[in-house]
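Number of protein chains: 2
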Amino acid sequence: MPEKAASKTITIADIAKMANVSKATVSYVINNKKGVSLDVRKKIQRIIKESNYKPNTMARALAGKHTNSVGLIIPDISDMFYANIIRGVEKASGKFGYFLNLFTTHANPEKEHEVFDFFTSSMADGVIVMTYFVGKEVTRKLRQRKIPFVFLDFPYDDDIYSVSVDNFEGGFKATNYLISLGHKKIAFLHGPEAARDSKARYRGYLKALEEHNIPFDKDLVLKGDFLRQSGFKAAKKLIDIKKMPTALFAANDQMALGAMSALKKEGYRVPEDISIIGFDNTEASSFSKPTLTTIMQPIFEMGSLAAKTLISLINGKTPEKKRYLLKTRLIERQSCSYYNSR
Amino acid sequence: MPEKAASKTITIADIAKMANVSKATVSYVINNKKGVSLDVRKKIQRIIKESNYKPNTMARALAGKHTNSVGLIIPDISDMFYANIIRGVEKASGKFGYFLNLFTTHANPEKEHEVFDFFTSSMADGVIVMTYFVGKEVTRKLRQRKIPFVFLDFPYDDDIYSVSVDNFEGGFKATNYLISLGHKKIAFLHGPEAARDSKARYRGYLKALEEHNIPFDKDLVLKGDFLRQSGFKAAKKLIDIKKMPTALFAANDQMALGAMSALKKEGYRVPEDISIIGFDNTEASSFSKPTLTTIMQPIFEMGSLAAKTLISLINGKTPEKKRYLLKTRLIERQSCSYYNSR
DNA sequence: CGAAATTGCTGAACCGGTTAAGTAAGAGGT
DNA sequence: ACCTCTTACTTAACCGGTTCAGCAATTTCG
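In the order they appear, the protein sequences are chains A and B. The numbering of the first sequence is my numbering, which starts it at 206 and goes up by one. The numbering of the second sequence is my numbering, which starts it at 206 and goes up by one.
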C-alpha cells in the first residue's frame with residue numbers, strides 16, 4: 206500500500222468551517238437544493254471555488270445512492286464495431302453528466318461473472334450490457350440488485366429494455382435494392398449458424414423475394430462463417446454448380462469481399478457480370494476494387510440510444526418503448542449495377 | 206409479526222451477525238488479513254458465499270483508500286489506434302485485478318478539465334493520460350492530489366513516467382530496410398508540422414541515410430498532413446520535378462496509400478519502379494494492391510505496459526525506468542522490392 | 001394580534017466498509 | 001508460578017459525504 210501523504214485533501218467539513226456553516230448547508234449548496242439563502246449560498250460557492258474543492262465521488266456515492274456513471278459491458282474492443290458502441294455510449298452519457306465505466310469480458314464466462322458482481326456491488330448507477338453469455342442468471346442478478354440495465358444488440362426478452370439493429374430490415378433493404386436494379390437471381394451467403402443477426406438478415410432476404418414474387422431457389426443459399434475465406438469458397442461453389450446468380454448478398458462485408466476476389470479471379474466482372482452487396486460497412490469495404498456496396502449499421506446511434514434509455518431509467522422515468530430496433534442504411538458504392546440482360 | 210424484509214442489500218454487518226462475529230473480523234477475512242482462526246475464517250467464507258455477499262465498492266474505496274480501478278484518459282476512440290490502447294490497458298489491468306475507467310476528452314479542453322477534476326476527487330487509484338492539451342497544469346493537479354499517473358505516447362518530461370513508441374527507431378528501421386534493398390534515392394513524406402511522431406520518424410530517416418553515407422537530397426523531402434490526399438499530391442509533385450526516387454517512405458499509411466494510387470495512376474509500377482513503405486500498419490495497408498509494407502507500432506503493448514507501470518506505482522513500487530520507448534516492428538508486404546538498376 | 005406556515009440553518013444519524021487500539025485467553029519462557 | 005508474548009477477536013472511530021428531524025426566526029393570514 207502506498208504511503209499515505211500528509212497533505213490533507215480538503216473536505217466538505219473544511220468548507221463548512223471556512224463559511225461558518227454546517228456541513229449540511231454546504232451539501233445543499235453543492236447539490237443545488239433549496240433552503241439556503243442567496244447570501245450564504247453565494248458565499249459558500251465562492252469559498253468552494255477559491256479553495257478548488259471537489260466533493261469526493263466515493264463518499265457521495267456511498268451516502269447518496271448514485272455514482273453518476275454508467276457501466277458498459279462488452280465482449281471486447283478489438284474492432285470498430287465495439288469502438289463505435291463505446292463512442293456512442295460515452296457521448297450520450299457525457300451529455301447528461303454521466304461518466305463511463307468500461308468493462309470487457311473477453312468473451313470469457315468467468316470474467317463475465319466477475320464483472321457483473323462488480324457492478325452488482327454498486328459502482329455504476331446503471332449498466333449497458335452486451336455479452337455472449339447473457340442468461341436468465343444475469344438478468345436475475347441485475348434485477349435483484351435493482352440496478353437499471355439495457356441490453357445492446359440483443360433483443361433478449363420482451364420485458365427488458367434493449368437496443369438493437371434491425372437486421373431483418375437490413376436484409377430486406379439489401380435484397381430490395383438488388384431487386385430494384387432488376388436482379389432476380391440473387392444468392393444469399395449465410396454467416397455462422399449460431400449468428401442471430403445473420404439469420405435475421407436472411408429472413409429479410411426471403412421476405413423481399415416473396416414480396417416481389419421472385420421464386421426462392423435453395424441452390425442460391427450458401428453457408429459461410431463471416432470470415433473472408435468462406436466468401437471465397439462460396440463463390441467458387443456457385444461457379445461450380447453452374448447456376449450463376451446475377452447478384453450476391455453476403456451477410457457481412459468480409460465474406461462479400463472474399464466472394465468478390467474469387468469471382469474476379471475466375472474472370473467475372475463486378476458489377477457488370479455480378480452485383481455484390483455486403484453488410485456492416487467495414488472500413489475495408491471502401492477500399493476494395495470495386496468498392497463494396499453495403500448496409501451500414503447505426504452502431505454509434507445504438508450506443509447513444511442505449512445510454513439515453515439507461516439514463517432515463519436511472520432517473521426513474523419509464524421510456525416508452527422497451528425494445529428499440531434501429532434502421533440500417535444502404536451505402537451505395539460500385540459493386541452493384543443494373544442487371545444486364547445481354 | 207410481519208418480518209419486514211424490504212429486500213435490503215446485504216452488508217458486512219449482516220454477515221457479521223450471521224457468523225456471530227464483529228464486522229471487523231469479517232473485513233479481515235474479506236481482505237485476507239491474518240488474525241482470524243482457520244475455523245472462523247472458513248465459517249465466514251462459507252456464509253459469504255452462501256449469501257452471495259459482495260462488499261460495496263464505494264464503501265471500500267471511501268474507508269480504505271483504493272478503488273481497484275485505473276483511469277484511462279484518451280482523446281477519442283474513433284480508430285483502431287485508441288481501441289488497441291484500451292485493449293492493452295484493460296487486459297493488463299484486469300490481470301492485476303484492476304478495473305478500467307474510461308474517459309474520453311473529445312479533444313476538448315473543457316471536457317478535459319472536467320475529467321481531471323473527476324479523477325482528482327478519487328475515483329481511480331491511478332490514471333493513464335493520453336491527451337492533446339497536456340500541460341504543466343494537469344501534471345501539477347495530479348501531483349498535488351498525489352495520484353499516480355503515467356503518460357501515454359507523450360514522452361513529456363524526464364521526471365514523469367511515460368510509455369511511448371520509439372518513432373525515431375521506427376523511421377530508422379523503415380529507411381534502413383529500403384537501403385538494405387539497395388535503394389539510395391529515398392524520398393520522405395512528412396506528416397503535419399506539429400506532429401511530434403512524424404518528426405521523430407524523419408530524424409530516424411536522416412540518421413539511416415547518414416549511417417550509410419547516402420547524401421541527403423532535400424528535394425526528396427515532401428510535406429504532407431497524414432491524410433491520404435496529401436500523399437497523392439506529394440507523389441504527383443515527385444513526378445513533376447522529374448527527380449523520381451526509387452523508394453518512398455511515408456510517415457503514415459494513409460499517405461503511403463495515397464502516393465501509391467497516384468503513382469500507379471501515372472503508370473509507375475509498385476514495387477518494380479518504386480518501393481513504398483508506410484507507418485502504422487493500419488487495416489487498409491493489408492488491402493491495398495500491392496499490399497503495403499509498413500512499420501507496426503506496438504500499440505497494445507503500449508497500453509498494457511502503461512497499465513503495468515501504473516499499477517506498480519499504485520502499489521508503492523518505483524519502476525526502474527521513467528520513460529519507456531517501445532520498439533516498432535517491420536511488416537514486410539508487397540510494396541517494397543530490391544532496387545532494380547536495370 | 002395570535003396561530004400557522006415558511007424559511008434558513010444545524011445536529012446527528014447514516015451509508016458500508018477499514019483499521020487502530022484494546023482485551024481476554026492461551027502459549028512460552030524461566 | 002509469574003510474567004510476557006501471541007493470537008483471536010471486539011469496540012469504536014473514521015472515511016466524506018447526504019438527509020431527516022428539529023428549532024428559531026420570520027412571514028403569512030384568518
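Here a beta-carbon is modelled for each residue, glycine too, at the ideal position from N, C-alpha and C.
From the beta carbon of B:Arg292, is the nearest beta carbon of chain A less than 9 Å away?
The residue you call residue 292 of chain B lines up with position 87 of the second sequence. So yes, B:Arg292 belongs to the interface.
Limits of the beta strand (DSSP E) - the one that B:Ala329 falls within:
Against the second sequence, residue 329 of chain B aligns to sequence position 124. Run containing B:Ala329: none; DSSP gives neither H nor E here.
Within 9 Å of any Cβ in chain A, is that where the Cβ of B:His318 sits?
Indexing the second sequence from 1 puts residue 318 of chain B at position 113. B:His318 does not count as touching chain A.
Any idea which residues DSSP pairs B:Asn306 with across the strands?
Looking up residue 306 of chain B in the second sequence gives position 101. DSSP, once it has assigned bridges, lists A:Asn306 and B:Gly276 as partnering B:Asn306.
For the beta strand (DSSP E) containing A:Thr499, name the first residue and the last one.
Here the question's residue 499 of chain A lines up with position 294 in the first sequence. A:Thr499 -> beta strand (DSSP E) spans Thr499 to Met501.
Below 7 Å on C-beta distance, what does A:Phe286 contact in chain B?
Locating residue 286 of chain A in the first sequence gives position 81, where the first residue counts as 1. Those do not exist, as A:Phe286 stays about 10 Å from chain B at its closest Cβ, beyond 7 Å.
Just the C-alpha distance for A:Leu427 and A:Leu414, rounded to the nearest angstrom, thanks.
Translated into the one-based positions of the first sequence, residue 427 of chain A becomes position 222. Translated into the one-based positions of the first sequence, residue 414 of chain A becomes position 209. Those two C-alpha atoms are separated by around 16 Å.
Can you check the segment 434-477 of chain B for any alpha helix (DSSP H) of at least 4 residues that lies completely inside it and give the ranges in chain order?
458-470
Taking all protein chains shown into account, do 16 or more other C-beta atoms lie within 10 angstroms of the C-beta of B:Arg433, making it buried, or fewer, making it exposed?
On the second sequence, position 228 is the one that residue 433 of chain B refers to. Buried.
Hey, would you say B:Thr487 sits closer than 9 Å to B:Gln459, going by beta carbons?
The residue you call residue 487 of chain B lines up with position 282 of the second sequence. The residue you call residue 459 of chain B lines up with position 254 of the second sequence. Going by C-beta atoms, B:Thr487 is nearer than 9 Å to B:Gln459.
Under 9 Å from the C-beta of B:Met335: neighbouring residues of chain A:
Counting from 1 along the second sequence, the entry for residue 335 of chain B is found at position 130. Within chain A, no residue comes near B:Met335; the closest Cβ sits about 15 Å away, beyond 9 Å.
Between which residues of its own chain and A:Ile536 is the CB-CB distance below 6 Å, once the five residues before and five after are set aside?
Mapped onto the first sequence, residue 536 of chain A falls at position 331. Closer than 6 Å at Cβ, skipping near neighbours: Asn486, Thr499 and Met501.
Against chain A, with Cβ distances strictly below 9 Å, would B:Lys209 count as a contact?
Sequence index remark: in the second sequence, residue 209 of chain B carries index 4 (1-based). Caution is warranted here: a pLDDT of 39 is assigned to B:Lys209, below 50, making its placement in the model unreliable, and the coordinate value is therefore given only provisionally. No, B:Lys209 lies away from the interface with chain A (no Cβ there is under 9 Å from its Cβ).
Within a Cβ cutoff of 7 Å, which residues of the same chain sit near B:Pro207, ignoring the five residues on either side of it in sequence?
Translated into positions along the second sequence, residue 207 of chain B becomes position 2. Note that B:Pro207 scores a pLDDT of 39, beneath 50, so its modelled location is shaky and nothing firm can be said.
With contact counted as at least three CB pairs below 8 Å, one residue from each stretch, are the segment 288-302 of chain A and the segment 253-267 of chain A in contact?
no
On the three-pair Cβ rule with 8 Å, is the segment 350-366 of chain B touching the segment 328-336 of chain B?
yes
Is it buried or exposed for B:Glu255, if we count other Cβ within 10 angstroms and need 16 for buried?
Stepping through the second sequence from its first residue, residue 255 of chain B is reached at position 50. Answer is exposed; the Cβ neighbour count stays below 16.
Measure from the C-beta of A:Asp281 to each C-beta in chain B and report whether the shortest distance is under 9 Å.
Your numbering for residue 281 of chain A matches position 76 in the first sequence. It does: the Cβ of A:Asp281 has a partner Cβ on chain B nearer than 9 Å.
Is the beta carbon of B:His271 less than 9 Å from the beta carbon of B:Ile519?
The residue given as residue 271 of chain B occupies position 66 in the second sequence. The residue given as residue 519 of chain B occupies position 314 in the second sequence. Going by C-beta atoms, B:His271 is nearer than 9 Å to B:Ile519.
In angstroms with no decimal places, state the Cα-to-Cα distance between A:Ala467 and B:Val475.
The residue you call residue 467 of chain A lines up with position 262 of the first sequence. The residue you call residue 475 of chain B lines up with position 270 of the second sequence. Their backbone Cα atoms lie some 23 Å apart in a straight line.
Unbroken alpha helix (DSSP H) run spanning A:Ile282, endpoints:
In the first sequence, the residue the question calls residue 282 of chain A occupies position 77. First-last for A:Ile282: undefined, no H or E at that position.
is_contact[A:Thr262, chain B] using C-beta, thresh 9 Å
By one-based count along the first sequence, residue 262 of chain A stands at place 57. True, the Cβ-Cβ gap to chain B drops below 9 Å.
At the 9 Å Cβ level, is B:Asn306 part of the contact set with chain A, yes or no?
For the purposes of this step, residue 306 of chain B is taken as residue 101 along the second sequence, with counting starting at 1. Yes, contact with chain A.
Coarse secondary structure for A:Phe354, derived from DSSP in three states:
Reading the first sequence from its first residue, position 149 is the one you call residue 354 of chain A. Note: A:Phe354 maps to strand in three-state DSSP.
How should A:Asp430 be labelled, buried or exposed, when 16 other C-beta atoms within 10 angstroms of its C-beta is the threshold for buried?
Indexing the first sequence from 1 puts residue 430 of chain A at position 225. Per the 10 Å Cβ criterion, buried.
Identify each residue in the segment 243-260 of chain A for which the Cβ-Cβ distance to at least one residue of chain B is less than 7 Å, and report them in chain order.
Lys259 and Pro260
Check whether the segment 364-376 of chain A touches the segment 313-326 of chain A, taking contact to mean three or more Cβ pairs, one atom from each stretch, closer than 8 Å.
no
Could you name each continuous alpha helix (DSSP H) segment of 4 residues or more that falls completely within the segment 218-264 of chain B, going from the start of the chain to the end?
228-235 and 243-256
For the candidate residues A:Met328, A:Val343 and A:Ile252, whose alpha-carbon lies nearest to that of A:Val275?
Counting from one through the first sequence, the residue named residue 275 of chain A turns up at place 70. Checked all of A:Met328, A:Val343 and A:Ile252; the closest Cα to A:Val275 is A:Met328.
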